[in-house]
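Okay, so here's the structure we're looking at.
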Amino acid sequence: MKNYIDFKLCSVVVLGLGILLFSGCERDLSDDVRFATFTTNPDIFTDDPVGLTDEFFESFDPATGANPEGFGTDNDVAFEGSSSIRIDVPAPDDPDGGFIGGIFRDRGDGRNLTGFDALTFYARGSTTATIGEVGFGNDFGEDKFSVIARNIRLSTDWRKVVIPIPDPSKLVQERGMFIFSAGTESTNGFGFTFWIDELRFEKLGTLAQARPAILNGVDVEQEGFVDVPITLSELTQTFNTETGENVTVGVAPSYFNFESSNIEVAQVSELGVVSLLDTGEASITATLANVAAAGSLNLNVTGGFDFAPTPPVRDPEDVISIFSDSYANINVDFFNGFFGGSTTLGGAITVGDQNVIRYTNLNFVSVEFSNPTVDATQMTHIHVDIKVDEAVDVGDTLTIELADFGANGVADGLNSDDSVGGSTPLNNTQLASGEWIGIDIPLTSFTNGTDGGFTGLTSTSNLAQVSFVSGTISDISVDNIYLYRE
Amino acid sequence: MNKTLIYERMKTSFFCVVTITLAVGFLGCENDDTQTVARLTTLVWEDNFDIDGAPDPNRWGYDLGDGTEQGLPGWGNGELQYYTDRPENATIQNGVLLITAREESFEGFEYTSARLLTKDLFEQQYGRFEARIRLPFGQGIWPAFWMLGADVDENPWPAAGEIDIMEYRGQEPNILIGSVHGPGYNGGDAISKEYTLENDRFDTGFHIFGVEWGPDFINYYVDDVLYNQITPEDIEEETDGEGVWVFNKPFFILMNLAVGGNFVGPPNAETQFPQTMLIDYVRVYEFDETLFDN
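Here the protein sequences come in this chain order: B and G. Everything in the first sequence is counted per the working numbering, starting at 65 for the first residue and increasing by one. Everything in the second sequence is counted per the working numbering, starting at 5 for the first residue and increasing by one.
Written as structure tokens, this is what we have:
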């Protein structure tokens with residue numbers, strides 16, 4: 065019997081050494097490795113797509129400008145083997161779509177990626193452009209474990225790209241194998257081509273020193289309002305790589321565990337949405353794979369928020385919106401120019417998922433939109449919602465002014481083709497304390513002179529400013545600034 | 005026990021030994037260096053850093069400042085740190101010595117750190133010198149566990165000789181460098197070898213860095229891997245006969261964490277501070293020539 069045991073012991077040692085031998089020198093996982101649950105196949109594209117859906121590349125919706133025509137494989141170019149993925153990035157004015165992007169999905173129920181720590185591939189460009197976004201975890205479904213790396217720099221030779229997995233333990237069943245989106249922002253609108261080869265998940269072992277962050281790593285102090293949810297943003301994970309670089313990826317909220325210091329006041333969902341339940345103070349912090357994230361949201365919830373009424377639905381052709389959550393807004397340079405002589409503080413703020421303008425210590429303040437200026441000749445009115453955040457007394461007035469910057473679109477001052485005019489001042493009977501009042505003024509009514517010496521608005525071809533002026537009212541909220549036609 | 009059984013047993017044992025020998029033979033996939041198996045017989049000096057607080061003054065002294073006092077501003081390498089003996093830069097916690105480099109304004113410098121050494125407290129000729137260390141990381145971070153000839157005051161560097169058991173660039177977190185410096189082979193021309201830790205890094209766990217040093221060889225180890233051997237012949241070959249073997253005399257031990265300097269370059273915006281080198285222990289074993297057949 066002893067003999068038998070000896071032999072078994074020996075076999076165990078020999079077998080053990082055999083395993084050591086193979087694990088020491090061979091590191092690639094076999095394609096045949098399968099668990100009872102979901103496949104652990106690491107490969108996405110080698111010379112052919114591996115285990116992907118039949119369509120392989122699923123483009124973003126062409127209605128959003130995505131160009132579904134520029135994707136294919138190339139049998140003349142390969143980093144390894146005989147074929148690579150070829151992506152032709154279109155010019156912005158391409159009739160088939162001005163950018164290219166989409167996803168690859170696992171053809172089955174998804175893969176178990178818990179044994180890997182990165183998505184890697186080799187990329188090569190026809191020029192040294194950048195790919196806007198590359199990542200995985202997007203499946204045109206919940207995108208629950210989405211990871212996006214931005215601005216991947218291409219070389220005209222093959223270069224390895226490493227996209228870390230923020231926390232592999234989350235990826236027990238992932239269908240989103242790959243996502244990319246590329247435009248010509250880095251090439252001044254010139255189309256270019258890039259190739260991708262040997263696209264797979266890998267266990268590198270050299271990604272370490274994780275530094276997760278929420279809110280860009282900033283400790284944000286914010287006023288909160290009951291029943292106005294706040295979505296946590298700027299969620300990232302950073303790893304130090306073998307080459308000493310720090311690689312940061314944008315990370316879906318579900319990788320994090322969020323914590324509220326006061327669940328009577330604030331609670332956070334796994335999607336990073338903070339619900340505010342009651343007045344009080346609460347701090348929101350997060351961890352990712354047991355590492356504390358930099359950044360926090362420190363809320364002082366003072367009560368409910370009184371939002372401006374939602375403006376009516378209008379044909380987009382009938383509206384030029386400067387500031388509204390209900391319409392697509394034009395480009396605004398600033399919501400407070402802090403001009404010389406102005407005492408006004410404040411500007412646009414975010415309340416939950418909405419935006420509002422709040423000014424304090426008002427004397428005059430301008431919202432400027434000169435890049436480009438607005439041709440409002442087809443519009444008839446300007447609409448503004450105003451709430452006075454203090455008592456309204458007899459004798460209080462508030463004046464709205466419009467400025468046109470003339471043909472050159474630049475503020476040239478008096479004695480130029482610029483024109484500025486005020487409307488009839490709103491008085492205490494037209495405003496209310498703590499109540500949103502909708503103001504509609506015909507664009508033809510801005511005929512009054514201004515304190516700056518202008519003598520009335522004479523053109524609406526190059527509108528560039530709307531201003532609020534008061535000698536008596538200090539604190540106001542403003543929302544839904546838009547031009548429209550009846 | 006009958007004869008058949010004995011025979012069977014011999015047969016399996018033989019098979020077993022042969023197979024294991026073959027397997028071990030193949031295990032060192034890349035290493036062709038002659039391997040002298042570590043003989044950890046007589047421990048003669050150690051610090052396990054078991055008592056929290058300041059390092060034991062009977063074992064460790066400090067180099068302070070920027071080296072100007074020693075006539076070596078930047079410690080001869082353009083290093084950026086100012087060394088102190090404050091607990092902020094060197095302290096023992098939970099049985100581990102922490103040497104910490106900090107970004108702070110101090111005595112006109114932007115960084116502080118510490119260098120500990122056994123000069124005038126402990127020196128030894130030959131033996132095994134090892135330390136179990138977890139390294140820091142980041143561009144411009146330069147930790148080292150090394151030795152200098154104990155006669156360095158009378159016989160200045162490079163004549164005194166230097167054995168670098170562990171050097172490492174924070175921007176290459178999986179590469180270890182072991183070197184010797186002496187007359188005719190020093191600074192950028194030191195005799196060096198790198199060791200790459202595959203699929204792993206030196207800043208995520210503890211590793212044992214050691215040399216086994218005898219009259220005509222210095223063997224470099226990381227964990228249980230021998231990755232280099234330097235002999236008088238190597239020095240002669242690499243220096244065309246100009247270099248001199250200066251390693252037949254006592255040396256003392258140094259441990260430090262430098263910031264910047266010409267070996268690593270300066271830290272950049274991505275370098276995280278503070279950075280800490282964690283030392284679990286330092287041990288020195290006697291050299292027993294009967295155990296070495298080199």
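By construction, the Cβ of each residue, glycine as well, lies at the ideal position given by its N, Cα and C atoms.
Exercise for the section: Going by CA-CA distance only, name the one from B:Thr463, B:Tyr546, B:Asp543 that's closest to B:Ser534. Expected result: B:Thr463
### Rounded Cβ spacing between B:Ile278 and B:Ala357 (contact assumed at less than 8 Å)
5 Å
* To do: Return helix, strand or coil for G:Trp79, following the three-state DSSP convention.
  => helix
(Q) Measuring only the C-alpha atoms, how far is G:Gly65 from G:Leu125? (A) 8 Å
Query - Within-8 Å CB hit, B:Gly416 to chain G - result: no
**Report entry** Straight-line Cα distance separating G:Trp249 from G:Ile195
**Finding:** Cα-Cα distance, rounded: 12 Å.
| task | Anything in chain B within Cβ reach of G:Glu171, meaning under 7 Å, just list it in chain order. | result | Neighbours of G:Glu171 on chain B: none; closest Cβ ~15 Å, over 7 Å.
Q.
Quick check on B:Ala353: does DSSP put it in helix, strand or coil?
A. coil
Taking Cβ positions, are G:Asp56 and G:Gln97 nearer each other than 8 Å?
G:Asp56 is a Cβ neighbour of G:Gln97, given a cutoff of 8 Å.
* Asked: Three or more beta-carbon pairs under 8 Å between the segment 360 to 376 of chain B and the segment 239 to 256 of chain B, yes or no?
  -> no
Checklist line | C-alpha distance - B:Gly513 paired with B:Gly485, whole-angstrom precision | finding: 6 Å
Does chain G have any CB closer than 8 Å to the CB of B:Asn512? no
Report all residues from its chain with a CB closer than 6 Å to the CB of B:Gly58; omit the five preceding and five following residues, and keep chain order.
This structure cannot settle anything about residue 58 of chain B, because the visible part of chain B is limited to 65 through 550.
Looking at B:Tyr319 and B:Lys234, is the spacing between their C-beta atoms short of 8 Å?
yes
Check: At a CB-CB cut-off below 9 Å, which residues of chain B make contact with G:Asp207?
Finding: Ala272, Gln273, Asn304
Exercise. Are the segment 103 to 118 of chain B and the segment 156 to 176 of chain B touching by the rule of at least three beta carbon pairs closer than 8 Å?
Worked result: yes
What is the DSSP secondary structure of B:Tyr391, counted as helix, strand or coil? coil
Fill in: CB contact flag (B:Ser324, B:Phe258, <8 Å)
no
For this session: With a threshold of 16 other CB atoms inside 10 Å of the CB of G:Asn260, please say whether the residue is buried or exposed.
Result: It counts as buried.
Endpoints, beta strand (DSSP E) assigned at G:Pro61 | Segment: none, G:Pro61 is in no beta strand (DSSP E) and carries neither H nor E.
* Counting along the chain, where does the alpha helix (DSSP H) carrying G:Pro236 start and finish? -> For G:Pro236, the enclosing alpha helix (DSSP H) stretches over residues 236 to 242.
What do you reckon, are the CB atoms on G:Glu143 and G:Pro271 nearer than 8 Å?
Residue identity check: residue 143 of chain G is Gln in the sequence provided, not Glu. Closer than 8 Å, so yes.
Original post:
Per DSSP, which one or two residues make a beta bridge with B:Trp259?
Top reply: B:Arg150, B:Arg188
Check: For the segment 491 to 536 of chain B, which segments carrying the beta strand (DSSP E) assignment without a break, of at least 3 residues, lie completely within its bounds, in sequence order?
Finding: Counting only runs of 3 or more, we get 501 to 506, 527 to 533.
- Query: When DSSP builds the beta bridges, which residues end up paired with B:Ile464?
  - Reply: BP columns for B:Ile464 point to B:Phe532.
Beta-carbon contacts of B:Glu550 that lie in its chain and below 6 Å, excluding the five residues immediately before and after:
Scanning its chain for C-beta atoms nearer than 6 Å, with the 5 sequence neighbours on each side dropped, one finds around B:Glu550 the residues Thr444, in chain order.
*Option in B:Asp460, B:Ser523, B:Gly517, B:Asp468 with minimal Cα separation from B:Ser497*: Of the residues B:Asp460, B:Ser523, B:Gly517, B:Asp468, the one whose Cα lies closest to the Cα of B:Ser497 is B:Asp460.
#### Entry: Distance CB(G:Tyr130)-CB(G:Trp217) smaller than 8 Å
yes
Measure the alpha-carbon distance for B:Ala246 versus B:Tyr423 and round it to whole angstroms. Roughly 40 Å separates the two Cα atoms.
Run the proximity test for B:Ala496: is its beta-carbon closer than 7 Å to any non-hydrogen atom belonging to the ligand PLP? With respect to small molecules bound, the structure shown includes none, and the ligand PLP cannot be examined in it.
Problem - beta strand (DSSP E) segment containing G:Lys197, residue limits - result: From DSSP, the beta strand (DSSP E) with G:Lys197 extends over 195 to 200.
Pull up the distance between the alpha-carbon of B:Arg264 and that of G:Phe256, whole angstroms please. 50 Å
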